[in-house]
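Chains G, C and S are the protein sequences, given in the same order. The numbering used here numbers the first residue of the first sequence as 1 and each following residue consecutively. The numbering used here numbers the first residue of the second sequence as 272 and each following residue consecutively. The numbering used here numbers the first residue of the third sequence as 604 and each following residue consecutively. Don't be surprised by glycine CBs; every beta carbon is placed ideally from N, CA and C. As the structure is a computational prediction, the values presented were derived from the model and not from experiment. A short worksheet on the structure shown next.
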Amino acid sequence: MNTQDSYVTADGRTIGPPMMEVKNITLRFGGVVAIKDISFDIREGEVRAIIGPNGAGKSSMLNVINGFYHPQDGEVWFHGKKRHAMKPHQIAEQGIARTFQNIALFKGMSTLDNIMTGRLTHMKSNMFSQMMWWGGAQAEEVANREIVEKVIDFLEIQAIRKTPVGRLPYGFQKRVELGRALAAEPKLLLLDEPMAGMNVEEKEDMSRFILDVNDEFGTTIALIEHDMGVVMDIADRVVVMDYGKKIGDGTPDEVRNNQDVIDAYLGVAHD
Amino acid sequence: MSANFYYGIEVFLNGMMAGVLYSLVALGFVLIFKASGIFNYAQGVMALFAALTLVGFQNGQIPFSHLINAIFGTNIHHFGWHMPAILAIIFTLMVMVLFAYLVEKFVLKHLVNQEPIILFMATIGLAYFMEGFGDLMWGADIKKLDVGIPQGGNIWLEEKTAFLGGPDFYGFYLDNLDMWATVCAGLLVVSLVLFSQYTKTGRALRAVADDHQAALSVGISLRAIWVIVWSIAGFVALVAGIMWGSKSGVQFSLSLIALKALPVLMLGGFTSIPGAIVGGLIIGVGEKMFEFLIGVPFLGGATENWFAYMLALLFLVFRPQGLFGEKIIERV
Amino acid sequence: MLYREAGDFKTTYAKDQQTFPIAFDRWGYRLTLAFAVLVVPFILNDYWTNAVVLPFLIYAIAAIGLNILTGYCGQVSLGSGGFMAVGAYAAYKLMTGFPDLNIVFVILLSGGITALVGMLFGLPSLRIKGFYLAVATLAAQFFLVWLFNKVPWFYNYSASGQISAPERSLFGFAVTGANAHPATSYLFCLGFVFVLAWAARNLTRGANGRKWMAIRDMDIAAEIIGVDPLKAKLTAFGVSSFYIGIAGALLFAVYLGAAEVGEAFGIEKSFLILFMVIIGGLGSIFGSFAGAAFMILMPVLLKNIMVGQMGWPTDLASHFQFVIVGGLIIIFLIVEPHGLAQLWRLAKEKLRLWPFPH
């Protein structure tokens, strides 16, 4: 297929041209090379998975995409423009949201407030108006609350709206975290092991939410996941990393039959 | 060389000696922080309390006599003995160990797994408690502390060095007590480093510092370690209390040495023993030299109150991990 | 049976987001306010005004200020005393430099100046965290006290090194100086307390408050979801110092009348305000009031009992005060790290279920 053209998938979704391209990224911590010369793209509207063994550099890759780590070499292109070095919060403003491998909710706040924090990039009323709670600030608060309530409905967490997140069970916490990212109405959603530590049922729920987000809102999703079954089921394309290098890239079927990938997963002697 | 140059050197030497004492107090902080993750604000008040207790034992004061007098209308003050310094020091040490045990039993045990900042605030509470308790027990009047360390300027040194700087220079004026303090503090610092590096207890202590749970799982008693560390901190406080107390009397201001040690910690890093030592020297010399060169001539003096903090603050802005800390890699 | 949400249906999000969602609380709040404005001024005497009521109101403002920084934004500060001094000296310079300036503007401007100073000392917070920051704020404390002590311009070259507040009035009533009536001083401070507490509540329940709390709970995650940490921390330092500066200005101008910096704004003040926040409850506006009330009332009570009733010497009572304050801090941290506000919340939860606990 042509790299610039849109196409329609078997289930009828339209996949657009690449929205995010990373080119020749290299990231080092002191002497340790976490990512070595990796390039791939994420197309508009697709579900893109990044897989690989532990320590392969997957999370570091997400950290590069949302600007938390600054690579020593390489370029990041977003919407066809080269991105200059930016702070993570500026990148969030551009419409990239994410969830974290180890849940990173705000423990002192309720579910509702946590998800409301996802709207912060959209809330612009000035401090004085907020102090007075008049006009701008209150209208904005209510308007954003409506969007958040939609997210809450979508994720089926109405009942825990006002519960402090620290009291929630693990699966719900993961869901609230997804809600916080969704509330931002991102163009690109990064999910770092959204199903880690879940049982089969919870994984099914989460997979359904991810596919629904992609389907209903047309959100582009890049996710890291260890469960091969899930990845092969929900991803349109897969990048495989091992020891900081890219060893495979393509549709689930292509990747499944790639000899390097098989070696990395089943194990061969490294020289 | 002009006389001013030699006075500069004298200031430098005095700064070094003050610095060693700062290092000592800072070391007390570092030990507790490494072993329990607690930033012990009460360290300075512990020094005050130790000095008060020492004087009390030496002079045979009756504990809580003011309180007893107030309640029962009696008029008692002293047992009427005078205890030799060495015996009083040993008794005081026992009191400090008892104190360590009580702190573990009544405070630390109940605050396990709390956030560091909560623990920090608990030690502020502890500092207030001890300050009031010490005053209740021994009275708040300024007391003279004398354990037999020579005081006053060292005449010999002054005479022998007078020739250096010409007619305007009268030789280096260094206080005997300061020199003694430097030697003691230096010895203590060395022995503490040796203790934590080469003894079994020291190793256990470092293990606890690295990871509480892992240490527990290999059979180290967290509570025993805490008592030990707080006892050591009590010992360090006693030495600092003796040095400072002999110099300027035992009074409330003695507890402020803790505030002097805080910038040392910021500079050296909360977990680094060499950091505490080098940081102490830098601050000691730095504040004396700054006062001598800039403070008194241009700023009206008394810059020692804040210089150490400003130095540490500026330093931290450029190197947040401190002098010897490792670069922090943040993860998500 | 009165204390229920049941039957009090919220039909709009605006109603759901109000400060007192329970009708009983709303009425309690209105009654308290009416009592404070309509009754208290007529029953106040000099002793109660000076020993309890004025310090309570003024320190409540300071405690709200520190709570915004420490309780909501998670940045521990030990520099409150120094920032209060900035507010006091700013008020003094403004009052003496611009005699025609209305006292309300003097106080507000003093807060504004303190906010700028606070933001300056808040700058390092971007690089330093936790204890390091707490200790760094001590730099502000010591430096500011030294500055006001050593630079005669700040105290208008007066021989004593003290500053004293000239008389200023509002609507014809003296609020500062020796002729101020207790009731006037009280109402003047109460006005500030009401407006500032209300503004603080609004600030902390909206977008700003969420930014601060996000930084407090997990700064890295906050930055990645789009909170600018520098802006969030600096606004927290700014707003917090604004409040503390106003408290300092009121303490000097309305309450003390004359002040010497080391004595009135030393490090003990920093700790006092921190204790109010801890005992009252981190991250709670109500807690700031509760903590201030507690820390003001307790010494008065102890003094009355020990010195007044039992005839003990004053110094003994003050030693006891240290022991009790220190002990209480520890006990509170052990039993309820979220302070009086949390105890109040728990009591309310119980009350909502009462008399049917299941």
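C-alpha distance - residue i paired with residue j, whole-angstrom precision
i: isoleucine 491 of chain C; j: phenylalanine 370 of chain C; result: 22 Å
i: threonine 135 of chain G; j: lysine 613 of chain S; result: The amino acid at residue 135 of chain G is misidentified as threonine; the sequence shows glycine. If you take the alpha carbons of glycine 135 of chain G and lysine 613 of chain S, they lie about 20 Å apart.
i: glycine 12 of chain G; j: proline 624 of chain S; result: 47 Å
i: leucine 191 of chain G; j: arginine 48 of chain G; result: 10 Å
i: phenylalanine 868 of chain S; j: arginine 175 of chain G; result: 49 Å
i: alanine 56 of chain G; j: histidine 226 of chain G; result: 12 Å
i: alanine 184 of chain G; j: alanine 92 of chain G; result: 9 Å
i: methionine 475 of chain C; j: isoleucine 496 of chain C; result: It is worth fixing the name first, because residue 475 of chain C is alanine in this sequence and not methionine. Taking the straight line from one Cα to the other gives about 8 Å.
i: glycine 715 of chain S; j: methionine 698 of chain S; result: 15 Å
i: aspartate 73 of chain G; j: asparagine 24 of chain G; result: 7 Å
i: tryptophan 409 of chain C; j: alanine 944 of chain S; result: 37 Å
i: isoleucine 103 of chain G; j: leucine 954 of chain S; result: 34 Å
i: asparagine 199 of chain G; j: serine 207 of chain G; result: 12 Å
i: phenylalanine 840 of chain S; j: phenylalanine 724 of chain S; result: 8 Å
i: tyrosine 278 of chain C; j: threonine 453 of chain C; result: 20 Å
i: asparagine 2 of chain G; j: threonine 99 of chain G; result: Here asparagine 2 of chain G scores only 48 on pLDDT, less than 50, and its place in the model should not be relied on; the value that follows carries that caveat. Looking at the two C-alpha atoms, the distance is approximately 31 Å.
i: tryptophan 451 of chain C; j: isoleucine 420 of chain C; result: 7 Å
i: glycine 539 of chain C; j: lysine 414 of chain C; result: 34 Å
i: glycine 218 of chain G; j: leucine 298 of chain C; result: 59 Å
i: methionine 604 of chain S; j: aspartate 649 of chain S; result: Below a pLDDT of 50, predicted positions are generally treated as unreliable, and methionine 604 of chain S, at 48, falls in that range; the measurement from the model is reported next regardless. Cα to Cα, methionine 604 of chain S sits roughly 41 Å from aspartate 649 of chain S.
i: methionine 132 of chain G; j: asparagine 126 of chain G; result: 10 Å
i: serine 680 of chain S; j: threonine 470 of chain C; result: 39 Å
i: leucine 704 of chain S; j: leucine 445 of chain C; result: 56 Å
i: alanine 856 of chain S; j: leucine 641 of chain S; result: 24 Å
i: valine 461 of chain C; j: threonine 542 of chain C; result: 17 Å
Identity of the residue in the options nearest residue i by Cα
i: lysine 836 of chain S; options: S:Thr673, S:Phe659, S:Ala768; result: S:Thr673
i: leucine 853 of chain S; options: S:Asp628, S:Leu634, S:Gly631, S:Phe659; result: S:Phe659
i: glutamate 866 of chain S; options: S:Ile933, S:Val642, S:Met687; result: S:Met687
i: tyrosine 632 of chain S; options: S:Leu799, S:Phe889, S:Leu747; result: S:Phe889
i: glycine 45 of chain G; options: G:Val33, G:Ile65, G:Thr9; result: G:Thr9
i: asparagine 384 of chain C; options: C:Ile413, C:Thr472, C:Leu493; result: C:Leu493
i: leucine 178 of chain G; options: G:Asn126, G:Val238, G:Gln101; result: G:Gln101
i: leucine 582 of chain C; options: S:Ala743, S:Trp915, S:Ile899; result: S:Ala743
i: methionine 116 of chain G; options: G:Tyr7, G:Val261, G:Asn144, G:Ala264; result: G:Asn144
i: arginine 808 of chain S; options: G:Gln130, G:Lys150, G:Met61, G:Leu168; result: G:Gln130
i: tryptophan 577 of chain C; options: C:Leu594, C:Phe569, C:Glu558, C:Asn425; result: C:Glu558
DSSP-derived helix/strand/coil call for residue i
i: asparagine 258 of chain G; result: coil
i: leucine 885 of chain S; result: coil
i: phenylalanine 578 of chain C; result: helix
i: methionine 86 of chain G; result: coil
i: leucine 564 of chain C; result: helix
i: tryptophan 501 of chain C; result: helix
i: asparagine 291 of chain G; result: Missing from the structure shown is residue 291 of chain G; chain G here goes from 1 to 271 and no further.
i: glutamine 912 of chain S; result: helix
i: threonine 673 of chain S; result: helix
i: lysine 187 of chain G; result: coil
i: aspartate 649 of chain S; result: helix
i: valine 378 of chain C; result: coil
i: serine 763 of chain S; result: coil
i: lysine 559 of chain C; result: helix
i: aspartate 73 of chain G; result: strand
i: valine 489 of chain C; result: coil
Inside the stretch 678 to 751 of chain S only - alpha helix (DSSP H) runs reaching at least 4 residues: Here the runs fully enclosed are 683 to 700, 706 to 725.
Chain S contacts from the stretch 309 to 327 of chain C (Cβ-Cβ distance under 8 Å): Listed by position, the residues of the stretch 309 to 327 of chain C near chain S (Cβ gap below 8 Å) are Phe310.
Alpha helix (DSSP H) runs contained entirely in the stretch 293 to 343 of chain C, provided each spans 4 or more residues: The qualifying runs are 314 to 330, 336 to 343.
Minimum length 4: unbroken alpha helix (DSSP H) runs contained in the stretch 420 to 486 of chain C: Runs of the alpha helix (DSSP H) spanning 4 or more residues and lying entirely within the stretch 420 to 486 of chain C occur at 426 to 432, 447 to 469, 471 to 481, in chain order.
Within 7 Å of chain S by C-beta, residues of the stretch 86 to 111 of chain G in sequence order: Here the close residues are Pro88, His89, Ala92, Glu93, Ala97, Arg98, Phe100, Ala104, Phe106, Lys107, Gly108, Met109.
Contact set between the stretch 714 to 735 of chain S and chain C, restricted to residues whose Cβ is under 7 Å from the partner: Within the stretch 714 to 735 of chain S, the qualifying residues are Pro727, Arg730, Ile731, Gly733, Phe734, Tyr735.
3-residue-minimum beta strand (DSSP E) runs that sit fully inside the stretch 92 to 121 of chain G, ordered along the chain: Whole beta strand (DSSP E) segments, 3+ residues: 96 to 98.
Near-chain G residues of the stretch 658 to 670 of chain S - C-beta to any C-beta below 9 Å: Here the close residues number zero.
Contact residues within the stretch 510 to 540 of chain C, judged by C-beta distance below 8 Å to chain S: The stretch 510 to 540 of chain C vs chain S, Cβ under 8 Å: Leu530, Leu533, Pro534, Leu536, Met537.
Members of the stretch 111 to 122 of chain G that neighbour chain S once the beta carbon cut-off is set at 7 Å: Result list: Asp113, Met116, Thr117, Gly118, Leu120, Thr121.
Contact set between the stretch 872 to 884 of chain S and chain C, restricted to residues whose Cβ is under 9 Å from the partner: Within the stretch 872 to 884 of chain S, the residues whose Cβ lies closer than 9 Å to any Cβ of chain C are, in chain order, Phe874, Leu877, Phe878, Ile881.
Against chain C: residues of the stretch 915 to 933 of chain S by CB proximity under 9 Å: Near chain C, meaning a CB-to-CB distance below 9 Å, the residues of the stretch 915 to 933 of chain S are Trp915, Pro916, Asp918, Leu919, Ser921, His922, Phe923, Gln924, Phe925, Val926, Ile927, Val928, Gly929, Gly930, Leu931, Ile932, Ile933.
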